[in-house]
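A.B. asks: Per the working numbering, the very first residue in the sequence shown carries number 1; after that it's consecutive.
Questions regarding the structure given below will be posed in turn.
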Amino acid sequence: MRTFFIAGNWKMNTLPGEAAQLVDAIVSSKSVQEAPSSVIVAMFPPHLSLTSAIEAAGKFRVSIGGQNCHHKEHGAYTGEISASVLAHIGCSHVIVGHSERRRDHGETNELIGQKATRAITSGLIPIICVGETLAEHEAGRTKEVVGAQLSEILNAAGKEIVAGSIIAYEPVWAIGTGRAATPQQAQDVHQFIRHWLDEHQTPNLPILYGGSVTPENASALFACEDIDGALVGGASLKHESFCAIIDAAAKASTQ
Ligand code: PEP
Numbered sequence: 001m002r003t004f005f006i007a008g009n010w011k012m013n014t015l016p017g018e019a020a021q022l023v024d025a026i027v028s029s030k031s032v033q034e035a036p037s038s039v040i041v042a043m044f045p046p047h048l049s050l051t052s053a054i055e056a057a058g059k060f061r062v063s064i065g066g067q068n069c070h071h072k073e074h075g076a077y078t079g080e081i082s083a084s085v086l087a088h089i090g091c092s093h094v095i096v097g098h099s100e101r102r103r104d105h106g107e108t109n110e111l112i113g114q115k116a117t118r119a120i121t122s123g124l125i126p127i128i129c130v131g132e133t134l135a136e137h138e139a140g141r142t143k144e145v146v147g148a149q150l151s152e153i154l155n156a157a158g159k160e161i162v163a164g165s166i167i168a169y170e171p172v173w174a175i176g177t178g179r180a181a182t183p184q185q186a187q188d189v190h191q192f193i194r195h196w197l198d199e200h201q202t203p204n205l206p207i208l209y210g211g212s213v214t215p216e217n218a219s220a221l222f223a224c225e226d227i228d229g230a231l232v233g234g235a236s237l238k239h240e241s242f243c244a245i246i247d248a249a250a251k252a253s254t255q
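And the structure:
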């Protein structure tokens, strides 16, 4: 049975009450209630909605995580969020290096490696995002760019940290555009990442695909050998579409 990790990145959406309602709709769905233990479901609400999401998740077998954390443990970093606070309130995971943070906050691979380190030392599992821009994609530089991102993150974080992480391949041109990578395109890059991780003695990591995943394309993506789940943006904000993606993973897991 293959294991799948289905993560919903809610970005800057949902008030605390709405987050609780969405978690409640998802955890009480047949999709989650009847999902095999090989399907792991995680949701990433905005920071101020985390507590209500965690309360709504209650005893159900779903994970809640943060969308970002600072690389330092504590200190004079106004407006930042610490990994230890996320862990303390009940988060199990944190996304680091999402392309929107790279784009809007100038996050570098070195910083992302430091954030992954802080996450792990605080007891969180980081989801490390990598992926090329449209210009890099069109120039045929995808593997060169993704390989360089992984190298710089590994240099900053070290093997032990990367070995405890989840990788998300998110082509920037596919995020929020409705233009997902084809299963063949995604599989090709995932296979490259898998080999890269093997060569750098950090094998067996889950590699998620992110970029316009929907109920319509999820099954074809999950049928690919090296796609171990999805990081879902837009389609994670409606319980019907997120649950349909969970169903696709459950089906793929038993095939
Ligand atoms: C994301 O935000 O990581 C993402 C993949 O978004 P979307 O599914 O909306 O493309």
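Backbone N, C-alpha and C fix where the C-beta goes; we use that ideal spot for every residue, glycine too.
Because the structure is a prediction, the values reported are computed rather than measured.
Does the distance from the C-beta atom of Val145 to that of Lys115 stay below 8 Å?
C.D. replies: no
A.B. asks: Could you tell me which residues DSSP puts in a beta bridge with Gly229?
C.D. replies: Phe5
A.B. asks: Does DSSP put Ala285 in a helix, in a strand, or in coil?
C.D. replies: Shown here, the chain extends from 1 to 255; a query on residue 285 therefore has no answer.
A.B. asks: Just to confirm, are Ile214 and Ala186 a CB contact at a threshold of 8 Å?
C.D. replies: The sequence as given places Thr at residue 214; Ile does not occur at that position. No.
A.B. asks: Between the beta-carbon of Ile128 and the beta-carbon of Ala168, is there less than 8 Å?
C.D. replies: yes
A.B. asks: Hey, would you say Val32 sits closer than 8 Å to Phe60, going by beta carbons?
C.D. replies: yes
A.B. asks: Whole angstroms are fine: how far does the CA of Ala230 sit from the CA of Ala7?
C.D. replies: 6 Å
A.B. asks: Do three or more CB pairs link the stretch 46-58 to the stretch 99-109 at distances below 8 Å?
C.D. replies: Judged by Cβ distances under 8 Å, the stretch 46-58 makes no contact with the stretch 99-109, as fewer than three pairs qualify.
A.B. asks: Roughly how far, in whole angstroms, is the beta-carbon of Ile207 from the beta-carbon of His190, given that I think they are within contact range, below 8 Å?
C.D. replies: 5 Å
A.B. asks: Is Ala174 near Ser212, with beta carbons less than 8 Å apart?
C.D. replies: yes
A.B. asks: Taking the alpha carbon of Lys159 as the point to measure from, which residue in Arg141, Glu138 and Leu205 has its own alpha carbon closest?
C.D. replies: Leu205
A.B. asks: For the ligand PEP, is there any heavy atom lying closer than 7 Å to the beta carbon of Asn9?
C.D. replies: yes
A.B. asks: For Val23 and Thr142, I'd like the C-alpha separation in whole angstroms.
C.D. replies: Cα to Cα, the separation comes out at about 35 Å.
A.B. asks: Pull the bridge partners of Gly17 from the DSSP assignment, please.
C.D. replies: The partner list for Gly17 (beta bridge, DSSP) is empty, contrary to what the question assumes.
A.B. asks: By the three-class DSSP mapping on this structure, what secondary structure does Gly234 have?
C.D. replies: helix
A.B. asks: Just to confirm, does Glu80 get its C-beta within under 7 Å of one of the non-hydrogen atoms of the ligand PEP?
C.D. replies: no
A.B. asks: Could you check what DSSP says for Leu124 in three-state terms: helix, strand or coil?
C.D. replies: coil
A.B. asks: If I'm right that Val172 touches Leu134 with Cβ under 8 Å, what's the distance once you round it to whole angstroms?
C.D. replies: By a beta-carbon distance limit of 8 Å, Val172 contacts Leu134. Their separation comes to about 7 Å.
A.B. asks: How would you write the range of the beta strand (DSSP E) that Leu208 sits in, first residue to last?
C.D. replies: Segment Ile207 to Gly210, the beta strand (DSSP E) holding Leu208.
A.B. asks: What's the C-alpha gap between Ala244 and Asp226?
C.D. replies: 21 Å
A.B. asks: How would you label Asp228, buried or exposed, when you count the other beta carbons within 10 angstroms and need 16 or more for buried?
C.D. replies: Within a 10 Å sphere around the beta-carbon of Asp228 sit 16 or more other beta-carbons, which makes this residue buried.
A.B. asks: Tell me, to the nearest whole angstrom, how far the beta carbon of Gly79 is from that of Ile54; I am working on the premise that it is less than 8 Å.
C.D. replies: Rounded, the Cβ-Cβ distance is 22 Å, inconsistent with contact.
A.B. asks: Based on Cα-Cα distance, which residue from Ala76, Arg102 and Ala57 lies nearest to Gln67?
C.D. replies: Arg102
A.B. asks: Considering just the uninterrupted stretch of the beta strand (DSSP E) at Phe44, what are its terminal residues?
C.D. replies: In the DSSP annotation of this structure, the continuous segment of the beta strand (DSSP E) that includes Phe44 starts and ends at Val39 to Phe44.
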